[in-house]
């Protein structure tokens, strides 16, 4: 009887492992961008990010447009991430930035003129360094984003993962370690002093393993 139970338990564990493995997908990095971070008038480093344009093309197009301040037709945008701040930091969870509004009652900005729908939830928040859209509820994406500093499974199917840090997690953790005050706001400014596209300088294809729902 014990042998039969052990065999059953082994089969169950093996099946669980197989299912999990089958759900693991290779999210191809289609674009690479960087965020240069400055605090106290000192550049602390760059965060280099790979974007998953095949999984969530619309979300990636929005983020990249705000990084390079250009629309899909090459038209200049009058807003973007350069000069914006990381305004919310929660240790062992995430750092959040990309608020392009000056007042809380202003409409969110995006490539699409305002808020836009959740594209899909194919990728999970299962590791540090994932780039995901911040929102205030279903289908309220705009310009705000966050980078995880730990797995955050409770965000699955609520926030859209669309990229991953390729280099610069030390910079992410440096931001994570900054003292905060009310509403988890850093006590001194954490500014995206420069940002841009790395695709032309890094042609090699990259892949990053993430877990699908």
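Residue numbers (my numbering): 214 to 426.
C-beta: ideal position from N, C-alpha, C; glycine also.
- Nearest Cα to residue 393 within the set 299, 274 and 243: 299.
- Residue 401 carries a coil assignment under DSSP once its states are collapsed to helix, strand and coil.
- Counting C-beta atoms within 10 angstroms of its own C-beta, residue 341 has 16 or more neighbours from the protein chains shown and is therefore classed as buried.
- Between residue 408 and residue 267, the C-beta gap is not smaller than 8 Å, which leaves the two residues out of contact.
- Residue 279: member of the alpha helix (DSSP H) spanning 270 to 281, first to last residue.
- For residue 240, the three-state secondary structure derived from DSSP is strand.
- Per DSSP, residue 383 is one residue of the alpha helix (DSSP H) stretching across 382 to 389.
- Look at residue 345 here: in three-state DSSP terms it is strand.
- With the rule of 3 Cβ pairs closer than 8 Å, the region 326 to 339 does not count as touching the region 279 to 294.
- Excluding the 5 residues flanking it on each side, residue 271 has same chain C-beta neighbours closer than 6 Å at 332, in chain order.
- In the DSSP assignment, residue 259 is bridged to 249.
- Between residue 376 and residue 263, the gap from beta carbon to beta carbon is short of 8 Å.
- Between residue 384 and residue 259 a beta carbon distance of about 7 Å is seen, short of the 8 Å cut, so the two are scored as contacting.
- About 5 Å separates the beta carbons of residue 303 and residue 397, which is inside the 8 Å limit, making them a contact pair.
- Taking the C-beta atoms as reference points, residue 356 is found nearer than 8 Å to residue 311.
- Comparing alpha carbon positions, the residue from 364, 369 and 404 closest to residue 306 is 364.
- Within the model, the alpha-carbon separation for residue 290 versus residue 315 is close to 17 Å.
- Residue 406 sits in a strand when the DSSP states are folded into three classes.
- Its chain contains 323 and 324 as the residues whose beta carbon lies nearer than 6 Å to that of residue 275, once the 5 sequence neighbours on both sides are disregarded; these appear in chain order.
- Excluding five sequence positions before and after residue 381, the CB atoms of its chain that fall closer than 7 Å to its own CB belong to 258, 259, 260 and 261, given in chain order.
- Residue nearest to residue 386 within the set 403, 351 and 273 is 403 (criterion: CA-CA distance).
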